[in-house]
Amino acid sequence: QTVLTQPPSASGTPGQRVTISCSGSSSNIGSNTVNWYQQLPGTAPKLLIYSNNQRPSVVPDRFSGSKSGTSASLAISGLQSEDEADYYCATWDDSLNGRYVFGTGTKVTVL
Amino acid sequence: QVHLVQSGAEVQKPGASVKVSCKPSGYIFTTYAIHWVRQAPGQRLEWMGWINTGNGNTEYSQKFQGRVTITRDTSANTANMELRSLRSEDTSIYYCARGDHLDHWGQGTLVTVSS
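Those protein sequences? They're chains A and B, same order as listed.
Under the working numbering, the residue at position 60 of the first sequence is numbered 60, and the numbers go up by one with no gaps.
Just add 1000 to wherever you are in the second sequence, counting from 1, and you've got the working numbering.
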């Protein structure tokens, strides 16, 4: 089953910038926009970034997204302790007839 | 305010079926799709399928094709997900989520499969 590849972990100290990558292929990231979700421990996921780089109004501007070719990235600037969570990228996959795929997930730790 | 409220936790035996419901509020039900996503303990998010709540069309992950059915009841403004032939590996939290971007999520429903 198609998945998007993310690093299993990332970390930083408060105030630092952390970047998470998401690698796909021409049939998913290469052809569609990317969404990012944040999942705090024990809670449901929350939409963080949609359409590659758009933030819902409730999401702080410390979070930003970008896409280039078949890869996407999520950046967290000014890292805060409450950012410690799991982060997932996701998009549609054209090779799977309208099916949605999630990344492998990245655990962000604030040191 | 948009809310998606799911049905309560379930315990089922292997081979049985489970049906989880999702009742959105705060918007017109038929204007946004509903997705179903599951998460096994300590594992990543896994997309199961979605339903166009306007016309009832569905798409399912190949992994669950033949074992899952997603329906909607427009009179009750509710979406449902039924998973059949349960096995222990289906023990997960099942979430519903709204729209193309999955911008709002239900609270999750824990389904435990155990003999």
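Positions of the beta carbon are idealized from the N, C-alpha and C atoms, including for glycine.
Please read all numbers here as calculations on a predicted model, not as lab measurements.
| Check | Outcome |
| --- | --- |
| Touch test, the region 64–76 of chain A against the region 1034–1044 of chain B, Cβ-Cβ under 8 Å, three pairs minimum | no |
| Buried/exposed call for Asn1057 of chain B, threshold 16 Cβ in 10 Å | exposed |
| Leu96 of chain A, DSSP secondary structure in three states | helix |
| Start and end residues, beta strand (DSSP E) containing Pro1024 of chain B | Val1018 to Ser1025 |
| Residue-level contact to chain A via CB, Asp1103 of chain B, 8 Å cutoff | yes |
| Glu84 of chain A, DSSP secondary structure in three states | coil |
| Assigned exposure category for Pro60 of chain A - 16 Cβ within 10 Å defines buried | exposed |
| Complete alpha helix (DSSP H) runs within the region 1–30 of chain A (minimum length 4 residues, chain order) | none |
| Top-ranked residue by Cα proximity to Val1111 of chain B, from B:Ser1007, B:His1003 and B:Val1002 | B:Ser1007 |
| Under 8 Å from the C-beta of Tyr50 of chain A: neighbouring residues of chain B | His1101 and Asp1103 |
| Beta strand (DSSP E) segment containing Glu1010 of chain B, residue limits | Glu1010 to Gln1012 |
| Trp1036 of chain B at chain A interface by Cβ criterion, 8 Å | no |
| Partners in chain A for Ser1061 of chain B, counting only beta-carbon separations shorter than 7 Å | Arg99 |
| Length-filtered (3 minimum) beta strand (DSSP E) runs lying within the region 1047–1074 of chain B | 1058–1060 and 1068–1073 |
| Contact set between Gln1107 of chain B and chain A, taken where Cβ atoms lie within less than 8 Å | Ala44 |
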